[in-house]
Structures are given as structure tokens and as C-alpha cells.
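Following UniProt numbering, the numbering of the sequence shown begins with 1 at its first residue and continues without gaps. Just so it is clear, CB atoms sit at the ideal spot from N, CA and C, and this is done for glycine as well. No experiment lies behind these values; they were computed from the predicted model shown. Input: a single structure, listed below in C-alpha cells.
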Amino acid sequence: MVSGHVRPNHFTFSSILKASASLSDLSTGKQVHSLAVKLGLASDNCVGNSLISMYAQSRQMEYSRKAFDNLFDKNLISYNTIVDAYVKSFESKEAFDLFHEIDDVEFGANAYTFSSLLSGAASIGAIGKGEQIHARTLKSGFDSNQCISNALVSMYSRCGNVEAAFQVFSEMVDRNIVSWTSIITGFSKHGYAERALTMFYEMLESGIRPNEVTYTAVLSACSHAGLVSEGRKHFNTMYSKHGIVPRMEHYACMVDLLGRSGLLSKALEFINSMPFMADALIWRTFLGACRVHGNTELARHAASMILEQDPHNPAAFVLLANLHASMNQWEEVAKIRKRMKERDLTKEAGSSWIEVENKVYKFHVGDTSHPKASEIYNELDRLVLKIKELGYVPNTDFVLHDVEEEVKEQYLLQHSEKIAVAFGLINTTRSKPIRIFKNLRICGDCHTAIKYISMATGREIVVRDSNRFHHIRNGKCSCIDYRITAIFSLFS
1 MVSGHVRPNH FTFSSILKAS ASLSDLSTGK QVHSLAVKLG LASDNCVGNS LISMYAQSRQ
61 MEYSRKAFDN LFDKNLISYN TIVDAYVKSF ESKEAFDLFH EIDDVEFGAN AYTFSSLLSG
121 AASIGAIGKG EQIHARTLKS GFDSNQCISN ALVSMYSRCG NVEAAFQVFS EMVDRNIVSW
181 TSIITGFSKH GYAERALTMF YEMLESGIRP NEVTYTAVLS ACSHAGLVSE GRKHFNTMYS
241 KHGIVPRMEH YACMVDLLGR SGLLSKALEF INSMPFMADA LIWRTFLGAC RVHGNTELAR
301 HAASMILEQD PHNPAAFVLL ANLHASMNQW EEVAKIRKRM KERDLTKEAG SSWIEVENKV
361 YKFHVGDTSH PKASEIYNEL DRLVLKIKEL GYVPNTDFVL HDVEEEVKEQ YLLQHSEKIA
421 VAFGLINTTR SKPIRIFKNL RICGDCHTAI KYISMATGRE IVVRDSNRFH HIRNGKCSCI
481 DYRITAIFSL FS
């Protein structure tokens with residue numbers, strides 16, 4: 001078209017930019033952007049909105065924001081596109097700042113805006129912001145909007161208040177498969193397997209057909225609760241009853257279920273019987289189970305399979321190193337560290353965060369950057385003395401460093417979960433639960449310590465880790481301590 005001397009217009013550029021985004025072809029996208037600038041069309045709404053979306057899909061939020069700022073006449077689509085882009089990039093603060101800016105323009109927010117913001121609140125566990133958005137949707141007359149109601153169910157469950165999620169779900173007049181799957185997933189992630197399965201059966205009775213995501217939630221619920229026979233039944237009826245062909249994530253759930261239950265040989269048989277080659281996710285799941293049950297031989301096999309498919313993935317190295325470290329095989333740990341260093345591989349650092357008065361505070365291992373750091377650590381020291389009187393014994397097996405026991409105890413004290421809990425105790429009232437969010441799985445020692453802290457303080461503490469929720473009250477956890485497997489890594 002261009003070589004034929006036909007001048008492209010704003011519709012042409014918008015289509016080509018969408019094509020570049022769908023192919024993740026940032027190089028071509030930038031060339032198209034340059035031509036649009038040259039022809040004076042980059043600030044057109046249609047082109048500008050496509051530029052925002054294209055750069056966002058390539059995780060180039062700086063360029064995405066520039067494209068937004070360069071628009072002469074921003075409309076609601078422009079705002080919705082950049083808000084959604086920030087949300088998907090986990091930059092929720094910027095998304096909420098733009099939402100307040102929308103209030104100052106004449107067109108106001110719509111259902112899509114609210115749904116994106118609710119997703120943003122859910123991604124960082126900011127239930128305060130989520131509640132504010134909920135109130136705004138009611139004032140704006142969106143209380144019966146199905147899309148927003150579904151987003152609310154997801155937001156409340158992902159922010160640690162599954163009962164509020166269930167209340168929103170119960171008040172919905174028109175429910176679809178997304179509504180049902182959201183509440184089933186919520187109960188599953190919170191460890192309420194029986195309620196998740198009950199909702200599943202109620203969904204079937206209402207005439208709603210499950211989909212692949214629904215079955216992932218059902219199988220995950222069975223895995224969290226160790227319901228092996230129940231999980232097998234649902235896996236086998238996916239296709240026979242509903243014509244749903246199991247995908248990789250469904251097989252991963254079954255491997256997790258068998259592995260958590262200690263049926264490692266059954267899990268390996270299951271992997272070998274799969275109709276397609278197991279991917280790295282399957283083998284990582286199996287490797288995690290091997291580490292829990294201390295099976296070094298099978299762990300090595302799983303690690304080799306992962307590295308064969310994805311030689312630059314640090315997860316296999318980390319899990320295998322953790323297994324050797326827990327068995328005091330420090331020479332093997334050193335070899336693995338060396339191999340990781342040679343390949344320039346690093347593990348994601350552990351972090352925890354908490355929302356207090358609509359502001360999110362994030363902590364890392366041994367974090368001293370907060371202005372109240374001394375107060376936080378004083379609170380931690382006081383808590384440790386108190387919970388030791390109640391029977392808490394630091395489990396130094398979760399410190400994977402070859403150091404003295406006293407040093408190991410000090411390492412345990414510096415875990416990000418404990419820092420966040422201490423901060424929450426200092427800065428929240430007794431009437432509210434303390435909600436902690438973590439990017440990795442919760443450390444086993446932290447899980448035990450937080451149970452004792454809940455006894456000592458009379459506070460309810462909710463922890464969302466990368467795998468599930470832990471509702472801890474009066475020394476008991478909703479997970480019933482079922483295979484608390486996470487270990488603080490020596491690479492954190």
C-alpha cells in the first residue's frame with residue numbers, strides 16, 4: 001500500500017498496530033509509529049489508543065504512557081486503555097491515579113473502567129481500594145452489571161475476604177460461567193474444598209456447563225485438601241460428561257494432588273501416561289513433591305527433565321538445591337550454586353506486602369528501609385519471646401545456609417512475612433484482620449510462628465502466598481497444615 005503511493009489513514013495505522021501487538025512485533029510497531037508521527041496521525045485518538053495498547057502488550061509502559069500523554073483529545077477509550085495497561089503491568093497506583101483524573105472529565109468512568117480497577121486492586125491485595133471502587137459502582141448505578149459483579153467476586157476473594165465475595169455472588173440476579181468459576185476458584189484458593197465442590201454441583205444443577213477454568217479450580221480444591229479419589233473422579237469425568245479435553249494445567253493439578261499425598265510413583269506413572277509430553281510446569285510440580293518427601297533420586301530426574309526443556313529456568317536449580325540443603329548436603333548445594341552462577345540465573349527474591357489505610361507497604365528479607373524499622377524489629381523481638389513461652393520452637397531446617405543455630409534463628413526472624421505481620425500489628429486495630437500478601441510460598445517456620453502470633457495477640461491473620469490463602473485464627477490455619485511445603489530459599 002505504501003509502496004503504491006496510497007496514503008494510509010488513521011484506520012490503517014490502528015489495524016497495523018493491532019497486528020503488531022498480536023504478533024508481539026515491537027520492532028515493526030515502532031516503525032509504524034514513526035510513520036504515523038511523520039504523517040501527523042500519532043495524536044489521533046484511534047491511532048493513539050492502538051499505540052497505548054501495543055506498547056503495553058510489549059511491557060513498554062513508558063512508551064505507552066507517552067502515547068497517552070501525546071493525545072490531543074483523550075476519550076474514555078483512551079483512559080480505559082491506559083488504565084487497563086497499568087493494571088496488567090501490576091502498576092495499580094498509576095491506574096488509580098488516572099481513575100481520579102477521569103472524575104475531572106465530562107464522560108466519567110464506565111463498567112470497563114471499574115472492572116479494570118477492581119482487577120488492579122485484586123492484583124496487589126488492596127481491599128481498601130477495592131471497597132472504594134465497589135462503593136463508586138453502586139453510586140454510578142452499576143450494581144446489577146454482570147461484568148462488574150464478576151470482577152467484585154474475584155477482587156474480594158483475591159484480597160482475602162471470600163465471604164464478601166460470596167455475598168456479592170449471592171446477590172447476583174444473572175450469573176454466567178465466569179460468576180460460578182470465580183466463586184469456586186475463591187473457595188478453592190482459600191482452602192474451603194467442600195464449599196468449592198458444593199458450588200460446583202450447584203452450578204451443574206442450575207444448567208451452567210463447566211469449562212476448562214472451572215475444572216482447574218475444582219481439581220485445585222481437591223489438591224489443597226488431599227481429596228485423591230474425588231480429584232480422580234472429576235478428572236475422569238471432564239471429557240466423559242462434558243466433552244472437555246484435559247489440558248496441561250489439569251494434568252499439573254493431578255500431579256500436585258498425587259505428589260502432595262506422597263504417591264510419587266503414582267504421580268510419575270501418571271506423567272508418563274499423558275497423551276503429550278509433560279512441560280516444565282508438570283515437572284516443577286513433581287520436583288516440589290519430591291523435595292517435600294525427600295526423594296532425591298526422583299528429584300534429580302525431574303530437574304533434568306525441566307532443564308532439558310528450559311535450561312535457563314532457575315526453578316529446578318533452586319528446588320533441587322533446597323532438597324540437598326535440607327539434608328545438609330552442602331557440597332551438592334555449592335555445585336548447584338556454581339552452575340547457576342555460570343548460567344547467570346537468579347531466583348526471584350521473596351517479598352511480602354500489606355495494605356494499611358489505603359496504602360500498600362512492601363517488605364523484603366531483612367528489610368530495614370521503612371522509617372519504623374526499629375519499631376518493627378522491636379515488636380518482632382517481643383513477639384518471639386512471647387510465642388516461645390507458648391511453645392514455639394524455631395525450625396532452623398527452613399534456613400538453608402551452613403551457619404550456626406543462633407544465626408539461623410536470626411535469619412528466620414528477618415523473613416518478609418514476619419516483618420509484614422509485625423508492621424500490621426503496630427498499625428491496625430484489633431477489629432480488623434491482618435492481611436499479608438507474598439509473591440512466593442509461605443515459609444514453613446513463618447506459618448508456624450504466625451499461628452502462635454495469632455494465639456498470643458488474639459488477631460486473625462490472613463496470608464495469601466503464590467499458591468493459596470491461609471486463614472489463621474487462634475493458632476489454627478484453614479489449610480489444616482496440609483503439606484506446608486515452602487522453604488525459605490538460600491537464594492533469597
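In the same chain as S78, and ignoring 5 residues on each side of it, the C-beta atoms closer than 6 angstroms to its own belong to N49, L71, in chain order. Put simply, the stretch 293 to 301 does not touch the stretch 270 to 282. Fewer than three CB pairs are less than 8 angstroms apart. No Cβ-Cβ contact shorter than 8 angstroms links V218 with A252. Apart from the 5 residues on each side of it in sequence, S352 sits with its Cβ closer than 6 angstroms to the Cβ of F363, S416, E417, A420, I436, K438 in its chain, given in chain order. V32 is classed as buried because its beta carbon has at least 16 other beta carbons within 10 Å across all chains shown. Between the C-alpha atoms of Q57 and A85 there is a straight-line separation of about 8 angstroms.
Under DSSP, E355 takes part in a beta bridge, and its partners are V360. A straight line joining the alpha-carbon of N313 with that of R441 spans about 18 angstroms. Taking the Cα positions, S20 is about 15 angstroms away from Y63. Per DSSP, the beta bridge partners of F437 are W353, R464. At least 8 angstroms separates the beta-carbon of L320 from that of N295. Looking at R284, A95, S89, C446, the one whose alpha-carbon comes closest to that of V384 is C446. The residues H10, in chain order, have a CB closer than 7 angstroms to that of D44 in the same chain once the five nearest residues on each side in sequence are set aside. In the structure shown, K476 falls within a strand segment according to DSSP collapsed to helix, strand and coil.
Non-local C-beta neighbours of S261 in its own chain, meaning closer than 7 angstroms and more than five positions away in sequence, comprise G226, V228, ordered along the chain. Per DSSP, the beta bridge partners of F469 are R464. Contact between the stretch 423 to 434 and the stretch 145 to 152 is absent: fewer than three C-beta pairs spanning the two stretches fall below 8 angstroms.
Listed in chain order, the alpha helix (DSSP H) runs fully inside the stretch 118 to 185 are 127 to 139, 146 to 158, 162 to 171, counting runs of at least 4 residues. In the structure shown, K74 adopts coil according to DSSP, grouped into three states. Distances from the CA of L380 to each of I102, D25, L413 were compared; the closest alpha carbon is that of L413. The beta carbon of N75 sits closer than 6 angstroms to the beta carbons of N45 from its chain, once the five residues preceding and following it are set aside; these are given in chain order. When the Cα atoms are used, S24 and K18 turn out to be separated by approximately 10 angstroms. CA-CA distance, G120 to V6, rounds to 42 angstroms. A residue is called buried when at least 16 other Cβ atoms come within 10 angstroms of its Cβ; A135 does not meet this threshold and is exposed.
In this structure T368 is exposed. Its beta-carbon is surrounded by fewer than 16 other beta-carbon atoms within 10 angstroms.
Remark: C-beta atoms of F99 and A111 do not approach each other more closely than 8 angstroms. Between E355 and G128, the CB-CB gap stays under 8 angstroms. Per the C-alpha coordinates, the member of H250, N236, D310 positioned closest to V213 is H250.
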